[in-house]
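Student: All the letters of the sequence shown, read from the start, carry residue numbers 8 to 212 under this note's numbering.
Backbone N, C-alpha and C define an ideal beta-carbon position, used for all residues, glycine too.
In this text, all values refer to a predicted model and were calculated from it rather than measured experimentally.
The structure under discussion is supplied below as structure tokens; questions concerning it will follow.
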Amino acid sequence: MDFSKLLELSEEKYAAYLLSQDLLYKKIPENQHSKLLNQSIACGKAAARDFAVADLREYCQQQTIEIDYFSENLKAENFRFVLAEFQLPNRIRINQSLLEAADPFLAELDFLKDQRVDEILLAHELYHYIENQQQLFTTQKQLSYRAGPFKKSARVHSLSEIAAMSFAKELLGLNFSPILLNIVLLFPVAPDYSQELAKRLLLID
Ligand SMILES: [Zn+2]
Numbered sequence: 008m009d010f011s012k013l014l015e016l017s018e019e020k021y022a023a024y025l026l027s028q029d030l031l032y033k034k035i036p037e038n039q040h041s042k043l044l045n046q047s048i049a050c051g052k053a054a055a056r057d058f059a060v061a062d063l064r065e066y067c068q069q070q071t072i073e074i075d076y077f078s079e080n081l082k083a084e085n086f087r088f089v090l091a092e093f094q095l096p097n098r099i100r101i102n103q104s105l106l107e108a109a110d111p112f113l114a115e116l117d118f119l120k121d122q123r124v125d126e127i128l129l130a131h132e133l134y135h136y137i138e139n140q141q142q143l144f145t146t147q148k149q150l151s152y153r154a155g156p157f158k159k160s161a162r163v164h165s166l167s168e169i170a171a172m173s174f175a176k177e178l179l180g181l182n183f184s185p186i187l188l189n190i191v192l193l194f195p196v197a198p199d200y201s202q203e204l205a206k207r208l209l210l211i212d
């Protein structure tokens with residue numbers, strides 16, 4: 008797979024992709040998109056700059072955050088793999104099976120040279136811990152919308168994903184979007200899905 012075009016995409020493009028995947032996407036007025044994207048990116052970056060910790064695992068120990076590397080039976084038809092997830096209040100799960108399956112493929116990718124993929128996943132999930140602890144913008148922002156006769160208000164979860172990606176990128180000084188890990192880690196087990204995702208990212212305008 009050729010990553011050159013994906014590596015050139017701006018952070019806003021990746022953020023726009025994540026926003027477009029939100030369940031509430033159609034309820035968000037178009038003239039708010041850009042502001043929300045940029046507020047979320049800024050929120051993730053600021054959290055990374057405030058995070059004065061050298062060792063992520065040590066931080067997890069101090070905060071009694073449990074890191075659980077789990078295994079699963081990888082089947083291509085099940086493309087909704089969980090790469091990693093954060094469970095309230097203090098549990099991070101990382102998919103060991105996907106990491107292992109992708110290992111030979113990762114070694115071929117120049118942009119991942121000298122990177123520890125599980126560290127990037129961990130940083131992303133740590134953002135979700137921090138945003139809840141510190142009640143950051145991404146947990147506070149409410150979208151008000153109408154559903155038939157009702158006025159509703161809800162969180163826009165993709166904003167958290169956007170900020171978590173920016174947090175990991177800033178914290179670890181990455182020169183690529185951590186979203187690329189979705190493509191990379193799924194490629195060995197679900198190549199069709201992985202390539203489809205790469206295509207969709209390139210189509211975002
Ligand atoms: Zn996340």
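(1) Between E115 and ligand 1, is the CB less than 7 angstroms from at least one heavy atom?
(2) Can you tell me which residues form a DSSP beta bridge with E126?
(3) For ligand 1, is there any heavy atom lying closer than 7 angstroms to the beta carbon of H135?
(4) If you compare alpha carbons, which of Q28, K42, L63 is closest to F174?
(5) Any contact between the region 37-46 and the region 20-28? By contact I mean 3 or more CB pairs, one from each, below 8 angstroms.
(6) Measuring CB atoms only, is the region 50-64 touching the region 85-101, in the sense that at least three cross pairs come out at less than 8 angstroms?
(7) Between E177 and A171, what straight-line distance do the alpha-carbon atoms span, to the nearest angstrom?
(8) Is A171 near ligand 1 - that is, is its Cβ less than 7 angstroms away from at least one heavy atom of it?
Tutor: Taking the coordinates as given:
(1) no
(2) BP columns for E126 are empty, so no partner.
(3) yes
(4) L63
(5) yes
(6) no
(7) 10 angstroms
(8) yes
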